[in-house]
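For reference, the structure discussed in these notes is given below.
This is how it looks when you write it as structure tokens:
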């Protein structure tokens with residue numbers, strides 16, 4: 011069992027020493043399976059989430075009437091997923107690669123352990139202020155007025171494109187140029203690390219002061235291909251509002267992300283700079299994969315997936 015590292019302790023608990031060992035034998039043993047036919051199968055929808063609080067150096071489930079300041083995600087109990095035991099380590103690794111290497115702010119996170127040795131992913135809620143009150147936060151489906159009743163069961167996947175999401179940022183955010191660049195980086199990162207569950211509910215805007223909406227820290231980042239056969243993008247339309255053609259003659263890769271950057275009205279020099287950075291081999295990424303809590307086989311596939319996608323951005 012690993013202790014929380016110094017940096018995780020600082021970001022998760024403001025430097026307070028907290029045990030990574032949870033006072034529960036397991037929360038995963040009786041996790042319900044998703045019923046067949048109830049919408050599409052997705053990683054985020056299949057993972058149980060629990061509200062947690064810290065008390066006297068211990069993480070415990072929040073009680074009724076309490077605001078949970080942390081979210082705990084145990085391993086999925088759905089047997090249709092591959093490498094279920096690797097899900098927490100996958101998310102922890104991918105979130106840290108995004109933040110530490112690619113300058114994408116992410117929710118503070120760490121790895122916890124149940125009494126039976128199973129790992130669980132932990133993140134700190136970024137919508138809660140120091141005094142316990144909440145920032146106003148809305149995901150992109152809410153801002154766009156989408157819901158299940160009017161737009162169907164899979165509305166978070168089927169209605170918007172990433173270009174549509176960018177138009178929301180341009181319309182709502184005061185510092186739109188800054189937020190659009192952050193969004194652009196997230197989309198390329200999700201492609202590079204095979205996060206195909208970056209649907210419209212997994213992007214949110216936070217109002218930090220009256221009228222000042224900004225893109226929230228990134229959350230729910232992981233290589234979904236490790237656990238489930240998925241498409242390239244979570245959103246059916248992909249990058250562009252008219253749809254994204256992906257064929258043998260029009261593959262996804264650098265030219266398409268260049269066009270996407272232009273539609274976000276990013277300066278061409280900025281687009282070139284970002285694409286060059288993402289297309290660059292970063293040895294520390296491989297080091298982080300090797301040092302991760304992923305099983306040896308999961309590390310192999312995570313590494314292979316990353317190398318392949320990297321080759322398409324050259």
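Residue numbers (my numbering): 11 to 324. Ideal placement from N, C-alpha and C gives every residue a C-beta, glycine not left out.
Helix, strand or coil for residue 224? Go by DSSP, reduced to three states. Residue 224 falls in the strand class under three-state DSSP.
Report the start-end ranges of each beta strand (DSSP E) in the stretch 130 to 193 that is 3 residues or longer and not cut off at the edges. 146 to 149
When 305, 313, 324 are compared against residue 204, the one with the closest alpha-carbon: Distances from the CA of residue 204 to each of 305, 313, 324 were compared; the closest alpha carbon is that of 313.
Whole-angstrom distance between residue 302 and residue 230, CA atom to CA atom: For the pair residue 230 and residue 302, the Cα-to-Cα distance works out to about 17 Å.
If residue 198 and residue 284 are in contact, beta carbons under 8 Å, what's the gap, nearest whole angstrom? 7 Å
For residue 83, count the other beta carbons within 10 Å of its own beta carbon; 16 or more makes it buried, fewer makes it exposed. Which is it? buried
Whether residue 206 touches residue 234 by CB criterion (8 Å): yes
Under 8 Å between the Cβ atoms of residue 91 and residue 237? yes
What number of angstroms, rounded off, separates the C-alpha of residue 145 from the C-alpha of residue 127? 35 Å
Rounded to whole angstroms, what is the Cα-Cα separation between residue 154 and residue 75? 31 Å
Report all residues from its chain with a CB closer than 8 Å to the CB of residue 192; omit the five preceding and five following residues, and keep chain order. 114, 115, 225
Sufficient close CB pairs (3 or more, under 8 Å) joining the stretch 180 to 192 to the stretch 212 to 226: Touching, yes.
Could you give the first and the last residue of the continuous alpha helix (DSSP H) run that contains residue 287? 278 to 289
For residue 295, three-class secondary structure by DSSP: helix
Starting from residue 60, trace the beta strand (DSSP E) in both directions and tell me its first and last residue. Its beta strand (DSSP E) spans residues 60 to 65.
Does DSSP put residue 321 in a helix, in a strand, or in coil? Three-state result, residue 321: helix.
Which residue from 274, 248, 135 puts its Cα closest to that of residue 263? 248
Nearest to residue 288 by alpha carbon, out of 184, 267, 150? 267
By the DSSP assignment, the alpha helix (DSSP H) with residue 269 in it spans what residues? 264 to 273
With distance defined between alpha-carbon atoms, name the residue in 250, 178, 20 nearest to residue 171. Comparing C-alpha distances from residue 171 to each of 250, 178, 20 shows the shortest one belongs to 250.
If you count every other CB in all the chains shown that lies within 10 Å of the CB of residue 68, and 16 or more means buried, which is it? Counting Cβ neighbours within 10 Å, residue 68 comes out exposed, since fewer than 16 surround it.
Kindly provide the ranges of any beta strand (DSSP E) runs that are 3 or more residues long and lie completely inside the stretch 69 to 137, ordered along the chain. 80 to 84, 119 to 123, 129 to 134
By Cβ distance, which residues of its chain are closer than 8 Å to residue 94, with the 5 residues on each side in sequence left out? 85, 86, 87, 88, 237
C-alpha distance - residue 176 paired with residue 221, whole-angstrom precision: 18 Å
Own chain partners of residue 133 with C-beta closer than 6 Å, once the 5 adjacent residues on each side are dropped: 81, 117, 119
Is residue 229 helix, strand or coil when you go by DSSP? Here residue 229 carries a coil assignment [DSSP, helix/strand/coil].
Report the three-state DSSP secondary structure of residue 21 (helix, strand or coil). helix
Selection from 216, 194, 202, 121 that minimises the alpha carbon distance to residue 184: Among 216, 194, 202, 121, the Cα nearest to that of residue 184 belongs to 216.
Using beta-carbon positions only, say whether residue 295 and residue 111 come within less than 8 Å of one another. yes
Secondary structure at residue 27, three-state DSSP: helix, strand or coil? When DSSP states are grouped into helix, strand and coil, residue 27 belongs to the coil group.
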